[in-house]
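Below is one structure, written out as structure tokens; the observations come after it.
In my numbering, the protein residues as written are 10 to 255.
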């Protein structure tokens, strides 16, 4: 992990010096988020979650919804830091279907480093994370191309395209079958490369009241879709949040 961090800093600091970074603006919002989760699992097509929404920026902390970042390097056009997030993946919420024959999975809690590189026409976000929740579930690497737009002064839009590389252990944890069951054959998956396209939207409804939403489409790799517990090769998920600035 330290070697990867050092490599990122070296590559993007060739033309200048790096410096300790403090987020200057301060922002505090609290509210609720509704998430509609469409899953690829047989007998467990969807789930719904209502979670607290938090947006907090002060000093080097940058927290929004389910993502917590500690920013510690900046050089004009890039940021680097640690990231911790909550991702409701897996079939922990399933009450029927073939996944109930298997030990329940935990949600993902990826932790690692991120690097945001800003270019003229597009921003590049790199994540190298280890997923854990009650044990090491595997490695997640993500490369996203995104761009922020401010429309009509009060509408924020961020479309993005993301390539997601999942380690063999991660894919097996969520989609593998370690031992055959009454209706399922054992299945050992390989690593996977998923493709995700989506957008984030933010809007100030009235003074100090904000609405945020996101929608994304995911295309799964064949090592996931060939699993006996998977019935979909693609899913669409969305969420909506309402928050109050304090």
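A virtual CB, placed ideally from N, CA and C, is assigned to each residue, including glycine.
task = Within its chain, find whatever has a CB closer than 6 Å to the CB of residue 96; leave out the 5 residues flanking it on each side and keep chain order.
result = Residue numbering aside, residue 96 sits at position 87 when the chain shown is read from its first letter. 117, listed in sequence order.
inquiry  = Just to confirm my understanding: we take residue 239, look at its own chain, exclude 5 residues before and 5 after, and list those with CB closer than 8 Å. What are they?
reply    = Position 230 of the chain shown holds residue 239. 49, 50, 51, 184, 229 and 233.
key: From 181, 204 and 207, residue whose alpha carbon lies closest to that of residue 195   = Here residue 195 corresponds to residue number 186 of the chain shown, with the count starting at 1. Minimum Cα distance to residue 195 is reached at 181.
request  = Could I get the ranges of all uninterrupted beta strand (DSSP E) runs contained in the segment 188 to 245, with 3 residues as the minimum, in chain order?
outcome  = 201 to 215 and 218 to 228
query = Measuring CA to CA, which of 245, 167, 133 and 141 is closest to residue 153?
reply = Along the chain shown, read from residue 1 onward, the residue named residue 153 stands at position 144. Checked all of 245, 167, 133 and 141; the closest Cα to residue 153 is 133.
inquiry  = Considering only DSSP beta bridges, list what residue 118 is partnered with.
reply    = Against the chain shown, residue 118 aligns to sequence position 109. The partner list for residue 118 (beta bridge, DSSP) is empty, contrary to what the question assumes.
Assigned secondary structure, residue 183 (DSSP; H/G/I helix, E/B strand, else coil) = Looking up residue 183 in the chain shown gives position 174. Three-state DSSP puts residue 183 in a helix.
task = Note the first and the last residue of the continuous beta strand (DSSP E) segment covering residue 72.
result = What you label residue 72 is simply residue 63 of the chain shown in a count that begins at 1. That run of the beta strand (DSSP E) goes 70 to 73.
request  = Work out the CA separation of residue 164 and residue 130 for me, nearest whole Å.
outcome  = Taking the chain shown and counting its residues from 1, the one referred to as residue 130 is at position 121. Taking the chain shown and counting its residues from 1, the one referred to as residue 164 is at position 155. Using only the alpha carbons, I get a separation of about 19 Å.
key: Rounded separation between residue 188 and residue 128 - CA only   = Taking the first residue of the chain shown as 1, we reach residue 188 at position 179. Taking the first residue of the chain shown as 1, we reach residue 128 at position 119. C-alpha separation (whole angstroms): 48 Å.
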